[in-house]
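For reference, the structure is listed below as structure tokens.
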Amino acid sequence: MKPYSMISNAKTFAFSAENPTGTRAGGSRGGDCTKLSPTVTIRAGETVTLVDTDGPGMIQSIWFTGYVGHSFVIRMYWDNCEYPSVEAPISAFFGTAYDENFVDRDGKYAVLNSAQILVAPGRGLNCYWEMPFKKHCRITMENRGKKDQGLYYIITGCHCEVPDEIGYFHASYRQEHPVQKGRSYTIIDGIQGKGQFVGVTLATGMNGNNTCWVEGEARMYIDDDKYPSIHYTGTEDYFCGSYGFGNDVQIKSYQTYSGLYSGMYAIYGDNRAFYNGQQRFLLYRFHVADPIHFETGFRMTLDNMGWTGPRYDDYTSCAYWYQTLPSAPLKAVFWDMTTITHRIEVIHHPGSGDDDGWTERNLYITITAKTAEEMKTVYHFNRNQIAALDELLEQRALLLELLEDVYSVSRDTAALLRDLPEDLSPEREAVVRTACSLVGKVNYYWGGKSLVLGWDSRWGELRQVTAATIRNTLIVWLLTGLWHGASWNFILWGLYYGVLIILEKFVFRRLLERTPSALRHILTMLAVVFGWVIFEITSPASELEFVKAMLGFGGSFANSFTLNALHNYAVTFIAAIAISTGIPLKICKKLPEKRADTLSLVGEAAGMTACIACLVDSGYNPFLYFNF
40 MKPYSMISNA KTFAFSAENP TGTRAGGSRG GDCTKLSPTV TIRAGETVTL VDTDGPGMIQ
100 SIWFTGYVGH SFVIRMYWDN CEYPSVEAPI SAFFGTAYDE NFVDRDGKYA VLNSAQILVA
160 PGRGLNCYWE MPFKKHCRIT MENRGKKDQG LYYIITGCHC EVPDEIGYFH ASYRQEHPVQ
220 KGRSYTIIDG IQGKGQFVGV TLATGMNGNN TCWVEGEARM YIDDDKYPSI HYTGTEDYFC
280 GSYGFGNDVQ IKSYQTYSGL YSGMYAIYGD NRAFYNGQQR FLLYRFHVAD PIHFETGFRM
340 TLDNMGWTGP RYDDYTSCAY WYQTLPSAPL KAVFWDMTTI THRIEVIHHP GSGDDDGWTE
400 RNLYITITAK TAEEMKTVYH FNRNQIAALD ELLEQRALLL ELLEDVYSVS RDTAALLRDL
460 PEDLSPEREA VVRTACSLVG KVNYYWGGKS LVLGWDSRWG ELRQVTAATI RNTLIVWLLT
520 GLWHGASWNF ILWGLYYGVL IILEKFVFRR LLERTPSALR HILTMLAVVF GWVIFEITSP
580 ASELEFVKAM LGFGGSFANS FTLNALHNYA VTFIAAIAIS TGIPLKICKK LPEKRADTLS
640 LVGEAAGMTA CIACLVDSGY NPFLYFNF
């Protein structure tokens, strides 16, 4: 039998702005057709108690409205536990994380019409999760915003007997903006106890790359699973959809749906373009008919992937589950403040000739720290603490000055290494020593140029390379040509190098990486030689004839002038070829540092002397740029 058809001894209660104590007959004294105080004003930084009642009993329904959302944090405490079992912005809790948007793509209020949560037109937020408790129930709301806001609410339930085997309702909020490319997004982890997972709401925001975003696989790990026990093949599959939620190659347009236990009920942004890069979606999946049972723990992850591989979209979620008490306490402060991930990249560098090349192994450690705004929520700052933090953040110049003293310098690293604990394991000591050795030595690609369209995995931070990169490269080299002179050959010379760089980085990069270094060097030298032909000869027709002659077409590959030049400048040619091979650099690297520096200085002086001698010996031979 259903609870509503059973006659029992349960006693209904209701907490609201007009009955904040939830007592019987404690509502408005205004009489018929009057309103006294339908809303409670929560000041900025203030936390108010909405429900405070002894058990046993059960919360049965919650209704909120008002222009509140992500800045309002709801918390629920069961049976006098120190830590909340529910902690989330009410926007995420009710599956409407993008609460700054009150209407969807069609200019209408988005409606979440499920059995557990209802988001009605006009921001009516309703929840029907059963929330039993044995001893005590306390529900609070905190205003994390910067201005006072009014909250309309009514929370109903009943005092009744509850079975010993009940599970306590839990909800946890997560957010990554954006998800780190190549790493799964964590819906929930750290659950300790016995219970069942009952669902999740998800808000996703696309960050460019107009491709499919729903290929990410959902994985559920039960108890001590090394590999998932439940594995969905795609994001749309987990949320009970298919083929990109209707945005497949046939229709090319997403279609919303909202069922009892699953749906994609709202889309913000233009939906008419195929896989538009600026869309945002609201989804939910409730395991009411199919709860996921666990004995000791549970975790769930969701990949952020498209057809072209890992993506970097914005994810916000709220997970729901029931479990025994006490639930796991808050993690250590450092692990609350930061998320640490790592990956290993193996790069094989091919050699040439008898050289087999070498293999490079790069360990990437990413530390993602919470922002100051996130810290306010994590550590439950009160109004005074928020004000103090805001005041501190206003002194940015002072903070930067202090940070300069925190940075590790050689003196600091030496002291650190000297004071390492005696019981430190060799592995950890190796990590510390390696990290200290890298102070001040940042690889070029961390601040340099990307080599691929999209995201380059070798960057130290996420940066996007788009078609604009190609356009800007061409513009820079076009202007470089014009700087040399307003002539067509200089414009062609600039565009020539721009196109070469684009081909090298975006088209033939992987092929060139597999090409022996000696061959790459020869190709570079040939490209430079042909570039000087464009630079020197002003007529395109003459340039073509010259190049044909260089390649042995349409003329003699070598004539008397060529042989005479080779004879007169044989020593110069041999020296230039030797220097261009990189052999002198390899020799210098094998010498002691001081001797290598001396040899390098002597070589540079000799080269400069030789150049001056050639200029003096040849009569009138002005510097190249005198031509302009």
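Just so we're aligned: the sequence shown equals residues 40 to 667 in the numbering used here.
C-beta: ideal position from N, C-alpha, C; glycine also.
With DSSP run on the structure shown, which of helix, strand or coil describes residue i?
| i | result |
| --- | --- |
| residue 148 | coil |
| residue 58 | strand |
| residue 216 | coil |
| residue 592 | coil |
| residue 523 | helix |
| residue 349 | strand |
| residue 252 | coil |
| residue 489 | With a pLDDT of 35 at residue 489, under the threshold of 50, the modelled position of this residue cannot be trusted; read the value that follows with caution. Correct three-state label for residue 489: coil. |
| residue 503 | Low confidence applies to residue 503: its pLDDT is 45, below 50, so where it sits in the model is not reliable, and the reading given next is rough at best. Coil, per DSSP. |
| residue 371 | Because residue 371 sits at a pLDDT of 44, beneath the cut-off of 50, its placement in the model cannot be relied upon, and the following sentence gives the value as read from the coordinates. Residue state, collapsed to three classes: coil. |
| residue 392 | coil |
| residue 642 | helix |
| residue 202 | coil |
| residue 560 | helix |
| residue 548 | helix |
| residue 46 | coil |
| residue 382 | strand |
| residue 623 | helix |
| residue 53 | strand |
| residue 109 | coil |
What does DSSP give as the partner residue(s) for residue i in the beta ladder?
| i | result |
| --- | --- |
| residue 224 | 341 |
| residue 98 | 170 and 196 |
| residue 355 | 214 and 242 |
| residue 157 | 152 and 165 |
| residue 331 | 236 |
| residue 176 | 92 and 117 |
| residue 301 | 324 |
| residue 271 | 257 |
| residue 294 | Answer is none; residue 294 lacks a bridge partner. |
| residue 402 | 383 |
| residue 182 | 111 |
Looking at residue j and residue i, is the spacing between their C-beta atoms short of 8 Å?
| i | j | result |
| --- | --- | --- |
| residue 307 | residue 148 | no |
| residue 403 | residue 381 | yes |
| residue 99 | residue 325 | no |
| residue 132 | residue 210 | yes |
| residue 101 | residue 165 | yes |
| residue 366 | residue 232 | yes |
| residue 236 | residue 360 | yes |
| residue 174 | residue 264 | no |
| residue 5 | residue 179 | Not covered by the structure: residue 5. The range shown for the chain is 40 to 667. |
| residue 262 | residue 335 | yes |
| residue 278 | residue 303 | yes |
| residue 319 | residue 242 | yes |
Using only alpha-carbon positions, find the residue among the options that is nearest to residue i.
| i | options | result |
| --- | --- | --- |
| residue 170 | 362, 143, 626 and 270 | 362 |
| residue 78 | 87, 71 and 70 | 87 |
| residue 257 | 91, 245 and 339 | 339 |
| residue 392 | 606, 106, 645 and 558 | 558 |
| residue 528 | 561, 576 and 563 | 576 |
| residue 412 | 431, 292, 607 and 396 | 431 |
| residue 328 | 300, 552 and 227 | 300 |
| residue 331 | 259, 456, 554 and 123 | 259 |
| residue 357 | 414, 208 and 292 | 208 |
| residue 471 | 181, 383 and 455 | 455 |
| residue 646 | 636, 614, 622 and 637 | 614 |
| residue 622 | 223, 639 and 610 | 639 |
| residue 255 | 342, 197, 603 and 68 | 342 |
Does the beta-carbon of residue i have 16 or more other beta-carbons within 10 angstroms, so that it is buried, or is it exposed?
| i | result |
| --- | --- |
| residue 239 | buried |
| residue 110 | buried |
| residue 143 | buried |
| residue 532 | buried |
| residue 252 | buried |
| residue 108 | buried |
| residue 266 | exposed |
| residue 114 | buried |
| residue 119 | exposed |
| residue 515 | exposed |
| residue 70 | exposed |
| residue 608 | exposed |
| residue 135 | buried |
| residue 45 | exposed |
Against chain C, with Cβ distances strictly below 8 Å, would residue i count as a contact?
| i | result |
| --- | --- |
| residue 382 | Among the chains of the structure shown, chain C does not appear; only one protein chain is present. |
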